[in-house]
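Each step along the sequence shown adds one to the number in the working numbering, with nothing skipped, and position 80 is 81.
Below is one structure, written out as structure tokens, with a few remarks after it.
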Amino acid sequence: MKTLINNNHTLEPVFSDTQIASKVKELAEKISKDYKGKNIVMVATLKGSFIFIADLARELSIPAHVDFVSVSSYIGTSTAGNVEFHYGPLHDISGKDVIIVEDIIDTGATIKCVVEALLQKGATDVKVCALLKRKTSRNDILLPDYLGFRLGDGFVVGYGLDCDEDYRNLKGLYKLEVKNENS
Ligand code: IMP
Ligand code: MG
Numbered sequence: 002m003k004t005l006i007n008n009n010h011t012l013e014p015v016f017s018d019t020q021i022a023s024k025v026k027e028l029a030e031k032i033s034k035d036y037k038g039k040n041i042v043m044v045a046t047l048k049g050s051f052i053f054i055a056d057l058a059r060e061l062s063i064p065a066h067v068d069f070v071s072v073s074s075y076i077g078t079s080t081a082g083n084v085e086f087h088y089g090p091l092h093d094i095s096g097k098d099v100i101i102v103e104d105i106i107d108t109g110a111t112i113k114c115v116v117e118a119l120l121q122k123g124a125t126d127v128k129v130c131a132l133l134k135r136k137t138s139r140n141d142i143l144l145p146d147y148l149g150f151r152l153g154d155g156f157v158v159g160y161g162l163d164c165d166e167d168y169r170n171l172k173g174l175y176k177l178e179v180k181n182e183n184s
């Protein structure tokens, strides 16, 4: 995996597609074991999780329905915050075991709102599977039930994650740095 130089960005490799693939397989094995005999609905948050859910769903050995949501959250003075659904879920999730599939959790504020909203819509149980979690223990609002990798500081792109809609289609994960104009 090589460093990429694009426009005014330098992209340093973090995890290769093979490293990600084996982690996704591991996560799918755990989920398949935990939910054996159950029918789950996997709900991915758009757009960053579209590649992750495609790979994760195909590694499961149990039946699963797939759905998507697009949300924005407003964290106000209330502790719970509010979440507005722009799209989905299309499933009636009442009485269902739901797993939210998320690309990256920073504080967990957004995803906590989604968990609460899906429980309010009648889901029996809502768990979170995140590929990435930033190490910010000071501000952690929600920790995922299933986690791929912990990340240090820095903005990452690729494998579905973007910077102004660029780089989502890269196979691996890269740390993005703004190129020094003098170099
Ligand atoms: P949280 O609500 O603080 O957990 O923020 C999580 C959301 O911020 C993710 O769903 C992403 O959309 C976005 N985000 C946070 N860090 C990154 C990153 O390094 N690259 C791309 N998107 C990020
Ligand atoms: Mg996201």
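Heads up, the beta-carbon is just placed ideally off N, CA and C, and yes, glycines get one too.
Keep in mind the model is a prediction, meaning the values are calculated, not measured.
Check, Outcome
"CB of Val42 within 8 Å of CB of Ile112, strictly", "no"
"Alpha carbon of Thr11 to alpha carbon of Leu152, nearest angstrom", "18 Å"
"Own chain residues within Cβ distance below 6 Å of Lys128, not counting five before or after", "Ile100, Asp146"
"Boundaries of the beta strand (DSSP E) in which Leu91 is found, first to last residue", "Counting along the chain, Leu91 falls outside any beta strand (DSSP E), and DSSP gives it neither H nor E."
"Where Tyr88 falls, given that 16 or more other Cβ within 10 Å makes a residue buried", "exposed"
"Distance CB(Lys134)-CB(Leu148) smaller than 8 Å", "yes"
"Ser79 classed as buried or exposed, judged by whether at least 16 other C-beta atoms fall within 10 angstroms", "At Ser79 the pLDDT is 46, less than 50, meaning the model places this residue with poor confidence; the figure from the coordinates comes in the next sentence. Per the 10 Å Cβ criterion, exposed."
"The region 59-76 contacting the region 18-30, beta-carbon criterion three pairs below 8 Å", "yes"
"Candidates Ala124, Phe16, Ser33, Gly173, of which the one nearest Lys97 by Cα", "Ala124"
"Any non-hydrogen atom of the ligand IMP within 7 Å of Gly109 CB", "yes"
"DSSP beta-bridge partners of Leu152", "Arg135"
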